[in-house]
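Reading through the structure tokens given below for one structure.
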Amino acid sequence: MRLLKILAVVGVAGCDGAIITPSPGDPSTQMPVDPSNPSNPSNPTNPTNPFLPVDPNNTTNPTNPTNPTNPTNPTPPVDQCAGVTVAAAPSTLRRLNAEQQLNSYRDLLNDQTLAPTLAPLAGPIITEQEVETLNAAAHALVLKKGHESYLKCSITGALNSTCADQFIADFGHAVFRRPLTVDEKAGFKADVYDAVRTNTAITPVATFKECIDATAEAILQAPQFLYLHEEGVVDPTLPAGIRRLTGNERATRLAYLLWNSTPDATLLAAAENGSLDTAAGVRAQADRLLKDPKAHKAIRGVVAEWLQLDGNSHQASLEAAPKDATKFPFDNAVLRAAMREEVLALYEKVFFETGSFKSLMTSRKAYVNRSLGQLYGVTTGLPANDATSAWVDLKDTERSGLFTRAAFLALYTPQDQQSPIRRGVFLYREVLGQALAPPPPNVDNTPLKPGATALAIRDQVDTRTASAGCQACHAHINPLGYALGNYDAMGRYVTTESGTLNGQAYSVPVDSTVTLKDVDVAGVVRGGVELSDKLAASVPAHDTMAKVWFTHANQRTAVKTDACSLQRLDERFRQTDDMRDLVLSLTTDDNALFIQETP
Amino acid sequence: MSTKFSRRFFIQGFGGLAIALPALEFTEKAWGQTAPKPRFLTFFEHGGTLTNHMGNIYGYQGFTDGSQESQGMDAWRPTSKPGQPLTLGAIHQPLAAAGLTNDCVVVRGIDNMAGDKQGDYGNGHGISNVTILTAGKGKNPGEADDKSIAYGPSIDQVIAARWGAPAGGLASVNLLLDAHNYGSPFFKASQQYASLLDTPQKAFNTILSGVQTGTGGPDPAVVRAQALKVSVLDGTSKNLQRYQNKMSAQDKLAVQAHLDAVRSIEQRVAAIQPPVAPSCSKPSVSGTFTNIGNTWQVMVDIALAALRCGQTRVLSLEVGDFHMTWDPTPLPFTVGYDIGHSLHHMSRDMGNKGSLYMPHPDWLTPYQQAMIRNRQLRAQMVARLLKGLKDTPEAGGNMLDNSLMLWTSEFSHGAIHSGSDMPIMLAGKAGGTLQTGRYLNFNTKATTDDFTLQYATQTATNNLYVSLLNKLGFADTTFGDMSYAAKPGGIATL
Numbered sequence: 016m017r018l019l020k021i022l023a024v025v026g027v028a029g030c031d032g033a034i035i036t037p038s039p040g041d042p043s044t045q046m047p048v049d050p051s052n053p054s055n056p057s058n059p060t061n062p063t064n065p066f067l068p069v070d071p072n073n074t075t076n077p078t079n080p081t082n083p084t085n086p087t088n089p090t091p092p093v094d095q096c097a098g099v100t101v102a103a104a105p106s107t108l109r110r111l112n113a114e115q116q117l118n119s120y121r122d123l124l125n126d127q128t129l130a131p132t133l134a135p136l137a138g139p140i141i142t143e144q145e146v147e148t149l150n151a152a153a154h155a156l157v158l159k160k161g162h163e164s165y166l167k168c169s170i171t172g173a174l175n176s177t178c179a180d181q182f183i184a185d186f187g188h189a190v191f192r193r194p195l196t197v198d199e200k201a202g203f204k205a206d207v208y209d210a211v212r213t214n215t216a217i218t219p220v221a222t223f224k225e226c227i228d229a230t231a232e233a234i235l236q237a238p239q240f241l242y243l244h245e246e247g248v249v250d251p252t253l254p255a256g257i258r259r260l261t262g263n264e265r266a267t268r269l270a271y272l273l274w275n276s277t278p279d280a281t282l283l284a285a286a287e288n289g290s291l292d293t294a295a296g297v298r299a300q301a302d303r304l305l306k307d308p309k310a311h312k313a314i315r316g317v318v319a320e321w322l323q324l325d326g327n328s329h330q331a332s333l334e335a336a337p338k339d340a341t342k343f344p345f346d347n348a349v350l351r352a353a354m355r356e357e358v359l360a361l362y363e364k365v366f367f368e369t370g371s372f373k374s375l376m377t378s379r380k381a382y383v384n385r386s387l388g389q390l391y392g393v394t395t396g397l398p399a400n401d402a403t404s405a406w407v408d409l410k411d412t413e414r415s416g417l418f419t420r421a422a423f424l425a426l427y428t429p430q431d432q433q434s435p436i437r438r439g440v441f442l443y444r445e446v447l448g449q450a451l452a453p454p455p456p457n458v459d460n461t462p463l464k465p466g467a468t469a470l471a472i473r474d475q476v477d478t479r480t481a482s483a484g485c486q487a488c489h490a491h492i493n494p495l496g497y498a499l500g501n502y503d504a505m506g507r508y509v510t511t512e513s514g515t516l517n518g519q520a521y522s523v524p525v526d527s528t529v530t531l532k533d534v535d536v537a538g539v540v541r542g543g544v545e546l547s548d549k550l551a552a553s554v555p556a557h558d559t560m561a562k563v564w565f566t567h568a569n570q571r572t573a574v575k576t577d578a579c580s581l582q583r584l585d586e587r588f589r590q591t592d593d594m595r596d597l598v599l600s601l602t603t604d605d606n607a608l609f610i611q612e613t614p
Numbered sequence: 141m142s143t144k145f146s147r148r149f150f151i152q153g154f155g156g157l158a159i160a161l162p163a164l165e166f167t168e169k170a171w172g173q174t175a176p177k178p179r180f181l182t183f184f185e186h187g188g189t190l191t192n193h194m195g196n197i198y199g200y201q202g203f204t205d206g207s208q209e210s211q212g213m214d215a216w217r218p219t220s221k222p223g224q225p226l227t228l229g230a231i232h233q234p235l236a237a238a239g240l241t242n243d244c245v246v247v248r249g250i251d252n253m254a255g256d257k258q259g260d261y262g263n264g265h266g267i268s269n270v271t272i273l274t275a276g277k278g279k280n281p282g283e284a285d286d287k288s289i290a291y292g293p294s295i296d297q298v299i300a301a302r303w304g305a306p307a308g309g310l311a312s313v314n315l316l317l318d319a320h321n322y323g324s325p326f327f328k329a330s331q332q333y334a335s336l337l338d339t340p341q342k343a344f345n346t347i348l349s350g351v352q353t354g355t356g357g358p359d360p361a362v363v364r365a366q367a368l369k370v371s372v373l374d375g376t377s378k379n380l381q382r383y384q385n386k387m388s389a390q391d392k393l394a395v396q397a398h399l400d401a402v403r404s405i406e407q408r409v410a411a412i413q414p415p416v417a418p419s420c421s422k423p424s425v426s427g428t429f430t431n432i433g434n435t436w437q438v439m440v441d442i443a444l445a446a447l448r449c450g451q452t453r454v455l456s457l458e459v460g461d462f463h464m465t466w467d468p469t470p471l472p473f474t475v476g477y478d479i480g481h482s483l484h485h486m487s488r489d490m491g492n493k494g495s496l497y498m499p500h501p502d503w504l505t506p507y508q509q510a511m512i513r514n515r516q517l518r519a520q521m522v523a524r525l526l527k528g529l530k531d532t533p534e535a536g537g538n539m540l541d542n543s544l545m546l547w548t549s550e551f552s553h554g555a556i557h558s559g560s561d562m563p564i565m566l567a568g569k570a571g572g573t574l575q576t577g578r579y580l581n582f583n584t585k586a587t588t589d590d591f592t593l594q595y596a597t598q599t600a601t602n603n604l605y606v607s608l609l610n611k612l613g614f615a616d617t618t619f620g621d622m623s624y625a626a627k628p629g630g631i632a633t634l
């Protein structure tokens, strides 16, 4: 292991060799992705290129990630569904994330203004801080009295055991997304309602309201609310080892996929009258849910997730990404918010109008406020101010689709000048779905600087990444980024780059013409508009979109047993190009209807 | 890991006081009836330190003299040699200025062998973070969207589980001053992060809001609310138990963690708080906290209050890899860096053949000074914490004498992700079991020349953590996964 480690490092040592003349500039070779993610460089299946490991989960992509330079001779596709009757995976316990908790509480308590503090998920297993936050949230929610609408008697009245039983059954049913078991009902009655009622530490004795409020608090923070736990039921028509999800479990899947929230009463009723026991019944409810405004908000959330607009512990969010205030004096929080809103609105519009992935990649429609419209150079139909937004048409020679928009272009860029590497890495990995190892730790990530023979950013990157070791990855990354060279660090369209070298001002034209090498986007591309056309037609880009949705729907990374599901989704989505159809397909995918038995 | 008392042992059922007795008995025996109970503190800084250690890779034998691409200063090492009275190095000057030199032990020549053996080329931030305090197996992810995670508890959490929570308090308090990082090193158990408190307000609410420092009886309304809260938590824990019964083995573990947390909170709320110590007072958290530069002081004060008020005996302060953006001149020249990560990576381009040094040799000294200032701010945090403990008298001396602190990072040389020659400092006399004011170097090539450029060691963090457990009265002979270590047991000379 140690020997391989050293060899791998030597293999890229040439990456350090480039000598760049420093002056203020751009850390565009900073690690654009998680360097804590060292895919095995000693991958035995690919000895010639240790930096392009095989993705163990990528079992369906027909374009072999180990051979991305040879699109004409991909590994022959394997039928992942051969011998598979039901493509289901074992169900694992998942817990609702903060947004799902919030949406659910608001819907359950019928108050969209509720804003309890909720904790982000710290890891696969809950922490005490999360539990404490949930406990405090349940208390705060009960103070808002939304639970009282589930009570069929007066909360200010005398103790009423029958009414309490009814409250536990009805409120619990809504919060747990299924009827309570006899044990559960008796448990909440004895362990909370009666425990409070008879608690000698409470003097004078607890009122009915206090007993009900305490019971509501316990229900709102119960694991039956927080966790998605599926058991399924035996169905004799299914192969051995496969269970059918119950109607309530299917309703829960559906609601969190299409609403990112809890099922409503109609959906629960459908679950409990057997309507969801068939795929057709599930599909009918899916069609209904997708027509609800709640679906719009949930669908928008997926593009934010895909573009990672919220950042993470090592990458800033769109709102927090640092930008050079001297170079971009027009930058402010309102503009950043408008950038986010624009890409969310674009995704929503395309999704609900045509569903076309091609349109997402090529649309010239943009929902902008005045400042963002001006950043795009729009003059027609511009809103009067930044408080209002409107749909406008972007210049067809300059913009096309999601990846020519400011939110993406500004986020995947350091503070002062555009970064072909950060943008290229995102497109290569997150859009074309190709495997890429993190940069080695000894990579030269000092900011790029103009030099006597390399004034343009593209030339600077070429110089920096010229060695064979660097090219193993950068031959794929750089051209994708160069094609977006006409967009600066805030996403403005530019045709020249200017700066100073040794006190001398210079201005050089941007060259965004590249020859792409990868999969089905290979060929000559002139700028962001043509790149977008390539992405729109790309099979791997379609497959990646399907995988993004699959991951979102199942709240987990795809595993080997998902290969058949993904293959079916891919085949259909490549034909339909319709993201609505993709999402609806997911609602009746085997994974949404069945689970594998766990020992 | 050899755990004499499992975590389960402390948290069965409602009523923390009664069941904690066996633990108290154990520690009382080890420490005598009158000695104050020891405390264990961890200071963890992300991003390594300013060092010339190159980890025996990239063609170096161990250390660089700065004649190649990487700069050659080690600002972590003491200026004294092993065996001499300790004189602290550049980064640790804030400790020297606070009169803490003789409360510290600087330890060099220890490797994170668990991380080193599981990492791929260089050690990723992720695998380094999840192994540095666990010295065991971790997940080294192969997917960009997948995160590293530890498969065992970190040293502080092992100790916290054995000591349990003091009445009304927490088994451990983990504070985070958040900045760029790739994941916390603190794990309560396999795949379970320790609970992190990442703002002064959250930390205050969890640790100190229940502490009664005023005079007079408690407010009846507060007592009533507290009784109701205990009932809700008790009902919640009983519901969790029922819920857990239906789970598969793997899912049971996840629900058990939830159940443990509910019981821990319940015990805290239900406990009858002991009388507050004279030194116990609550800091104000009403300030404006927008960056680490204006937040660290109150976080350290909350840490001090947590210890002085007896709310915990195990405390950590974790600091992200910040760039001093609040400082008008974090660097004396503009290079376009916006995160601390870039600042430490610059270290490897500042040697005589470094790509930044060659055109700008005049940048080397200001760069080193900027790095030292950045790391000195971290040392200031430690100094404020240790000085506060030292200034708090208790039986047998002061609180620092009855504490043991471990200070480390996931890397030594951040820019090359080195997991060897880790920056390690210990402080406090651990109740008299640790001799302080020393510098120890376990680099086996440095026995005659402490400034040699060669490096080799047989000592792993596993061995260090065994010794720390021994210092605290535990008889462990192993820690983490000893198969990663080069030798068994602890460190005899510590």
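Same order as they appear, the protein sequences are chains B and V. First residue of the first sequence: 16, per my numbering; consecutive thereafter. First residue of the second sequence: 141, per my numbering; consecutive thereafter. Using N, Cα and C, we set each Cβ at its ideal position, and we do this for glycine too.
**Message:** Do Val563/B and Glu320/B have their beta-carbon atoms positioned less than 9 Å apart in this structure?
**Reply:** yes
**Request:** Check whether the Cβ atoms of Leu444/V and Thr532/V lie closer than 9 Å to each other.
**Result:** yes
**Asked** Arg513/V bridges to which residues according to DSSP?
**Response** For Arg513/V, which the question treats as bridged, DSSP gives no partner whatsoever.
**Prompt:** Which bits of chain V does Pro465/B rub up against, with CB to CB less than 7 Å?
**Reply:** What Pro465/B touches in chain V: nothing, since even the nearest Cβ is about 12 Å away.
**Request:** Output the distance between the C-alpha atoms of Thr271/V and His489/B, rounded to the nearest integer angstrom.
**Result:** Cα-Cα distance, rounded: 31 Å.
**Message:** Let me see if you follow: with CB-CB separation under 9 Å, is Glu225/B close to chain V or not?
**Reply:** yes
**Request:** Provide the residue(s) that pair with Cys579/B in DSSP beta bridges, ordered along the chain.
**Result:** Answer by DSSP bridge pairing: none, since Cys579/B is not bridged.
**Item:** Euclidean distance between Cα positions of Tyr624/V and Ile436/B
**Value:** 37 Å
**Extent of the continuous beta strand (DSSP E) to which Val383/B belongs** = 380-383
**Request:** Find out if the Cβ-Cβ distance for the pair Thr530/B, Val540/B is shorter than 9 Å.
**Result:** yes
**Item:** Beta-carbon spacing of Thr376/V, Ser421/V below 9 Å
**Value:** Between Thr376/V and Ser421/V, the C-beta gap is not smaller than 9 Å, which leaves the two residues out of contact.
**Asked** Closest by CA to Ile299/V, which one among Ile289/V, Gln407/V, Leu310/V?
**Response** Out of Ile289/V, Gln407/V, Leu310/V, Leu310/V has the C-alpha closest to the C-alpha of Ile299/V.
**Item:** Opening and closing residue of the alpha helix (DSSP H) in which Thr271/V lies
**Value:** Run containing Thr271/V: 265-272, per the alpha helix (DSSP H) assignment.
**Request:** Answer yes or no: does any C-beta atom of chain V fall closer than 9 Å to that of Asp533/B?
**Result:** With a threshold of 9 Å between beta carbons, Asp533/B makes no contact with chain V.
**Request:** Return yes when the Cβ of His567/B is within less than 9 Å of the Cβ of Val317/B, no when it is not.
**Result:** yes
**Request:** Check whether the Cβ of Ala170/V lies closer than 9 Å to any Cβ atom in chain B.
**Result:** The predicted position of Ala170/V is uncertain, since its pLDDT is 36 and thus under 50; a value taken from the coordinates is nonetheless stated next. No, because no Cβ of chain B sits closer than 9 Å to the Cβ of Ala170/V.
**Asked** Are Gln451/V and Leu348/V touching if we call contact CB-CB under 9 Å?
**Response** yes
**Item:** Exposure of Lys575/B, with buried meaning 16 or more beta-carbon neighbours within 10 Å
**Value:** exposed
**Request:** Apply the 10 Å Cβ neighbour rule to Ala310/B and answer buried if 16 or more other Cβ atoms are within range, or exposed otherwise.
**Result:** buried
**Item:** CA-to-CA distance, Ala233/B to Glu163/B, given in whole angstroms
**Value:** 14 Å
**Distance between Val245/V and Asn196/V (C-alpha atoms, nearest Å)** = In a straight line, the C-alpha of Asn196/V is about 25 Å away from that of Val245/V.
**Prompt:** In chain V, what lies closer than 9 Å to Val207/B by C-beta?
**Reply:** Ser371, Val372, Asp374, Gly375, Thr376, Lys378, Asn379
**Item:** Closest by C-alpha distance to Pro563/V, when choosing among Met490/V, Ala523/V, Ala401/V, Ala519/V
**Value:** Ala519/V
**Message:** Using only the alpha-carbon positions, how far apart do Gly229/V and Pro337/B sit?
**Reply:** 34 Å
**Message:** If we define contact as Cβ-Cβ less than 9 Å, is Asp561/V a contact residue for chain B?
**Reply:** Closer than 9 Å to the CB of Asp561/V there is not a single CB belonging to chain B.
**Message:** Beta-carbon within less than 6 Å of Leu634/V's beta-carbon, same chain only, minus the 5 sequence neighbours each way: which residues are those?
**Reply:** Correct list, in chain order: Ser607.
**Prompt:** So what's His500/V in DSSP terms, helix, strand or just coil?
**Reply:** coil
**Separation of Gly172/B from Val351/V, as counted between CA atoms** = Those two C-alpha atoms are separated by around 36 Å.
**Asked** Which partner residues of Glu185/V appear in the DSSP bridge assignment?
**Response** Val459/V, Ser549/V
**Request:** For the region 132-150 of chain B, enumerate the residues whose C-beta is nearer than 8 Å to any C-beta of chain V, in chain order.
**Result:** Ala137, Gly138, Pro139, Ile140, Ile141, Thr142, Glu143, Gln144, Glu145, Val146, Glu147, Asn150
**Beta-carbon neighbours of Thr398/V, restricted to chain B and to distances below 7 Å** = First, the amino acid is wrong: residue 398/V is His here, not Thr. The contacting residues are Ile141, Val146, Pro238.
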